[in-house]
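Participant: Got a structure for you, written out below as structure tokens; questions coming shortly.
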Amino acid sequence: MKLLTDVPQYKKVIINHLDTGHGTAKKLESLGIRKNVQLKKISPLKSKGPVILSFLNSNCQIAIGHGIAKKIFVSEIS
Amino acid sequence: MNRILLFGNPNVGKSVIFSRLTGIDVLMSNYPGTTVELKQGTIKLKNKIYQIIDIPGTYSLSATNKAEEVAINILSSATKNDIILVVIDSTNLERNLFLTLEILKKKLPTILVLNKWDLTQIWGTKINIDNLSKMLDVVVVPVVGISGDGIKNLVETLTHFSLNPKISSVKLPEKNDNIWKFIGKITFSAQTLSHKHPSSFEKLQELTITMPYALIIALSILIFSFIIIRFLGENLTNYFLDPIFNKFYMPFVKNLAETFITNKHILKLLLGNVPEPMESFGILTTGLYVPFVIVLPYIFSFYLILSFLEDSGYLVRVAVVLDNFFHKFGLHGYASIPILLGLGCKVPAVLSTRILENEREKIISVVLILMLTPCLPQSAMIFSILSRYGFVTILSVFFILIFIGLVVGFFLNKILKGETPELFVEMPSYQLPPVFILLKKLYIRMKSFLFESVPMIIFGIFIVNIFDLIGIMHFITKILGPIMTKILGLPDEISIVMISGFLRKDVSIALLTPFDLSLKQTIISCVVLVIYLPCIATFFMLLKEFKLKKSLIIVSSIFLFSMIIGAMLNILL
């Protein structure tokens with residue numbers, strides 16, 4: 097398990113845990129970011145800006161602030 | 027009157043469908059949060075008139091900003107006599123179903139509209155409409171809002187539905203975890219996705235959000251846009267509209283007025299003092315020359331470029347790229363959208379701050395909207411009167427303004443208590459902007475300038491003439507004049523310019539022409555006239571968004587600050 101911000105570019109991940117407050121978790125959920133969702137990270141590892149994610153089961157891309165991405169725990173999948 | 031309410035996630039195309047159903051022109055763009063307030067129209071179904079309401083998009087029924095609050099309030103006011111149209115982006119079924127289920131829980135007559143149906147083929151998504159309809163127990167209609175395909179079918183379905191409204195009897199899970207399981211079940215049965223390898227175009231798209239390429243691309247687009255806007259604006263004025271105005275319109279209107287009107291005061295009011303259209307200050311001369319010859323070409327060229335950027339999907343990428351930079355001012359990158367809109371007109375820019383989460387963020391962005399740059403009509407006038415000093419002078423005025431704005435934003439972030447919210451934004455896919463939407467938006471924006479601003483410009487010039495005639499101008503100059511001279515180093519008469527600028531910002535710059543100011547004085551007056559007060563239309567929008575006390579605090583602080591800046595420039599330059 098690692099932080100979303102520590103995942104290299106173009107790696108696929110599954111979300112294990114959201115360490116955010118209730119309000120943020122709800123907002124992330126309404127955008128489709130929740131436990132067990134599979135995503136691909138589009139932004140590069142070293143980027144200090146927003147983390148850009150692409151959903152594996154739809155054609156949607158989402159950008160979330162670096163501060164929030166640091167609170168999302170994921171596992172890499174192949 | 028019974029209502030048809032258009033709900034859905036942001037950027038699914040509700041406004042396009044609203045416009046197709048009602049024939050009303052509304053602004054539609056390819057970024058989440060284009061619609062921030064309710065838009066209303068009507069439709070006749072079987073001799074019965076329904077009110078259709080286009081509602082700001084929301085991801086769920088718990089509001090995170092003012093625009094979403096509007097949507098949630100209207101849903102709670104809905105009754106069984108209304109029809110709910112839930113608009114879904116067909117390429118993103120799973121996420122859109124979350125809000126759909128929340129709305130179905132309200133047990134209201136509902137139809138599901140699958141928009142962007144044509145894109146499902148491109149993206150390799152197949153949706154089985156029958157399965158979706160059975161599982162949710164709702165009527166499902168596929169449409170392509172942009173081309174209008176399926177709209178006729180939607181109207182027929184609505185007509186039939188209005189006679190036999192149906193409330194979904196689907197049993198929805200109570201617990202959140204189970205909701206996602208239920209959504210999973212629906213998508214498993216109603217949707218198949220084919221695997222797609224990323225194309226080279228998609229790789230290219232990623233460059234627009236990957237540093238340092240993203241910054242190079244953004245800067246190139248900015249410079250390129252600026253060159254096109256200036257080129258189109260200036261040439262339309264110099265080689266097309268100015269010759270028409272001077273060669274045909276001026277002699278015609280002069281002859282006409284002089285033939286029918288003998289009273290010299292009225293003649294002066296209509297035609298002004300001198301033959302030059304810019305300096306005469308007559309209602310039929312300067313009053314029409316400023317909006318039609320100088321400002322309109324820039325409105326055309328600016329909104330052509332802005333609409334293109336909005337609809338291509340690039341604006342959201344700019345917001346993402348600028349996120350880090352905007353954090354220095356206590357904002358997240360999405361605040362760049364209201365600020366960009368402010369380059370055109372401050373009124374919609376202030377309104378669009380509704381997409382921002384908290385009051386602190388709204389205040390900082392409004393201050394930046396008001397201080398960073400002039401509005402487009404004022405910019406056009408600054409280009410026009412400063413062009414004789416050369417391009418560097420024009421740039422220096424803009425540079426001073428941006429520098430001051432950024433410093434103020436930086437300090438506001440330090441002074442105002444609170445945290446900077448994080449960015450959450452869905453990135454629309456890139457697309458070639460649909461020509462029909464591009465032209466429609468250009469038409470809406472030019473029409474709104476002509477119908478809302480031109481009367482104000484003429485009124486502004488009328489007031490200046492009346493003040494001059496009855497001697498108020500002299501009185502104001504006497505009272506405020508010494509402040510202008512001592513603090514700003516400007517002639518006494520500039521005080522009247524300051525007052526007219528509250529009516530129209532472009533008129534205030536036009537009023538500078540007869541004064542024969544030095545370069546230093548012109549720069550100081552341009553900078554001060556941009557910042558000192560918002561125009562009256564923007565002031566009313568501030569009142570609407572912030573109430574009286576906060577608006578007055580914002581406006582008076584900016585005014586005081588503009589005087590300090592003016593004084594400093596007077597000493598430094």
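The listed protein sequences derive, respectively, from chains A and B. So that you can map any letter, position 14 of the first sequence is 110 in the working numbering, and since no number is skipped, the others follow by simple counting. So that you can map any letter, position 120 of the second sequence is 146 in the working numbering, and since no number is skipped, the others follow by simple counting. Note that the Cβ used here is the ideal one computed from N, Cα and C, for glycine as well.
Identify the contact partners of residue 386 of chain B in chain A, using a Cβ-Cβ distance below 9 Å as the criterion.
Facilitator: Per Cβ cutoff of 9 Å: no residues; residue 386 of chain B is ~16 Å from chain A at best.
Participant: By the DSSP assignment, the alpha helix (DSSP H) with residue 80 of chain B in it spans what residues?
Facilitator: Not the alpha helix (DSSP H): residue 80 of chain B falls in the beta strand (DSSP E), residues 74–80.
Participant: Using the C-alpha atoms, what's the distance from residue 416 of chain B back to residue 361 of chain B?
Facilitator: Rounded to the nearest angstrom, the two C-alpha atoms are 32 Å apart.
Participant: For the putative contact between residue 483 of chain B and residue 533 of chain B, defined by C-beta atoms under 8 Å, what is the C-beta separation to the nearest angstrom?
Facilitator: Contact holds; Cβ gap of about 6 Å.
Participant: Relative to the C-alpha of residue 30 of chain B, which residue among B:576, B:152 and B:43 is closest?
Facilitator: Minimum Cα distance to residue 30 of chain B is reached at B:43.
Participant: Does the beta-carbon of residue 229 of chain B have 16 or more other beta-carbons within 10 angstroms, so that it is buried, or is it exposed?
Facilitator: Classification for residue 229 of chain B: exposed.
Participant: What does residue 99 of chain B reach in chain A if we use C-beta pairs closer than 9 Å?
Facilitator: Going along chain A, no residue has its Cβ under 9 Å from residue 99 of chain B, so there is no contact; the nearest lies around 18 Å.
Participant: Using the C-alpha atoms, what's the distance from residue 128 of chain B back to residue 441 of chain B?
Facilitator: Approximately 40 Å between the Cα atoms of the pair.
Participant: Alpha carbon to alpha carbon, how far is residue 559 of chain B from residue 584 of chain B?
Facilitator: Residue 559 of chain B and residue 584 of chain B: Cα-Cα distance of roughly 7 Å.
Participant: Quick one: what's got a C-beta closer than 7 Å to residue 430 of chain B's C-beta in the same chain, skipping five residues either side?
Facilitator: Correct list, in chain order: 397 and 591.
Participant: Relative to the alpha-carbon of residue 65 of chain B, which residue among B:100, B:73, B:75 and B:86 has its alpha-carbon at the smallest distance?
Facilitator: Of the candidates B:100, B:73, B:75 and B:86, the one whose C-alpha sits nearest the C-alpha of residue 65 of chain B is B:100.
Participant: Using 10 angstroms around the beta-carbon of residue 162 of chain A, count the other beta-carbons present and answer buried if the total reaches 16, otherwise exposed.
Facilitator: So residue 162 of chain A ends up on the buried side.
Participant: According to DSSP, what are the bridge partners of residue 67 of chain B?
Facilitator: Per DSSP, B:78.
Participant: One question on the structure: do residue 158 of chain A and residue 452 of chain B come within less than 8 Å of each other, judged by their Cβ atoms?
Facilitator: Their beta carbons are under 8 Å apart, which means residue 158 of chain A touches residue 452 of chain B by this criterion.
Participant: Check whether chain A comes within 8 Å of residue 161 of chain B, counting only Cβ atoms and requiring the distance to be less than that.
Facilitator: Output row for residue 161 of chain B: interface = no.
Participant: Taking residue 330 of chain B as the reference, which of B:463, B:587, B:359 and B:27 has the closest Cα?
Facilitator: Considering only alpha carbons, the answer is B:463.
Participant: Any idea which residues DSSP pairs residue 157 of chain A with across the strands?
Facilitator: Answer by DSSP bridge pairing, in chain order: A:150 and B:453.
Participant: Do the CB positions of residue 105 of chain A and residue 149 of chain A come within less than 8 Å of each other?
Facilitator: Their beta carbons are not under 8 Å apart, which means residue 105 of chain A does not touch residue 149 of chain A by this criterion.
Participant: Report the start-end ranges of each alpha helix (DSSP H) in the segment 68–156 of chain B that is 4 residues or longer and not cut off at the edges.
Facilitator: As far as the segment 68–156 of chain B is concerned, its whole alpha helix (DSSP H) runs of at least 4 residues are 92–102, 119–130 and 145–149.
Participant: Rounded to whole angstroms, what is the Cα-Cα separation between residue 459 of chain B and residue 298 of chain B?
Facilitator: One C-alpha to the other measures close to 45 Å.
Participant: Take residue 348 of chain B and list the residues in its own chain whose beta-carbon comes closer than 6 Å to its own, dropping the five residues that flank it on each side.
Facilitator: Taken in chain order, the residues that qualify are 359 and 362.
Participant: Please decide whether residue 380 of chain B counts as near chain A, where near means a Cβ-Cβ distance under 8 Å.
Facilitator: Residue 380 of chain B does not count as touching chain A.
Participant: Does DSSP classify residue 56 of chain B as helix, strand or coil?
Facilitator: Note: residue 56 of chain B maps to coil in three-state DSSP.
Participant: Taking the alpha-carbon positions, what's the residue 134 of chain B to residue 164 of chain B distance?
Facilitator: Rounded to the nearest angstrom, the two C-alpha atoms are 11 Å apart.
Participant: From residue 255 of chain B to residue 588 of chain B, what does the alpha carbon distance come to, in whole angstroms?
Facilitator: One C-alpha to the other measures close to 28 Å.
Participant: Using only CA atoms, which one of B:40, B:211, B:57 and B:443 lies nearest to residue 335 of chain B?
Facilitator: Checking every option, the nearest Cα to that of residue 335 of chain B belongs to B:57.
Participant: Alpha carbon to alpha carbon, how far is residue 374 of chain B from residue 50 of chain B? Give it in angstroms, no decimals.
Facilitator: Between residue 50 of chain B and residue 374 of chain B, the C-alpha separation is close to 18 Å.
Participant: State yes or no: is the C-beta of residue 383 of chain B within less than 8 Å of the C-beta of residue 90 of chain B?
Facilitator: Yes. Within cutoff.
Participant: Mind pulling the chain B residues with CB within less than 8 Å of residue 127 of chain A?
Facilitator: Within 8 Å Cβ-Cβ: 85, 121, 450 and 452.
Participant: Any Cβ of chain B within less than 8 Å of the Cβ of residue 112 of chain A?
Facilitator: Chain B contact via Cβ: absent.
Participant: Of all Cβ atoms in chain B, is any one closer than 8 Å to the Cβ of residue 121 of chain A?
Facilitator: No, residue 121 of chain A lies away from the interface with chain B (no Cβ there is under 8 Å from its Cβ).
Participant: Residue 168 of chain B bridges to which residues according to DSSP?
Facilitator: Its beta-bridge partners are B:140.
Participant: Taking 8 Å as the cut-off, does the segment 489–498 of chain B touch the segment 278–286 of chain B (at least 3 CB pairs, one atom from each stretch)?
Facilitator: The segment 278–286 of chain B is not in contact with the segment 489–498 of chain B.
Participant: Secondary structure at residue 231 of chain B, three-state DSSP: helix, strand or coil?
Facilitator: Helix at residue 231 of chain B.
Participant: Of the residues B:454, B:86 and B:271, which one's Cα is nearest the Cα of residue 55 of chain B?
Facilitator: Of the candidates B:454, B:86 and B:271, the one whose C-alpha sits nearest the C-alpha of residue 55 of chain B is B:454.
Participant: How is residue 115 of chain A classed by DSSP in three states: helix, strand or coil?
Facilitator: Correct three-state label for residue 115 of chain A: coil.
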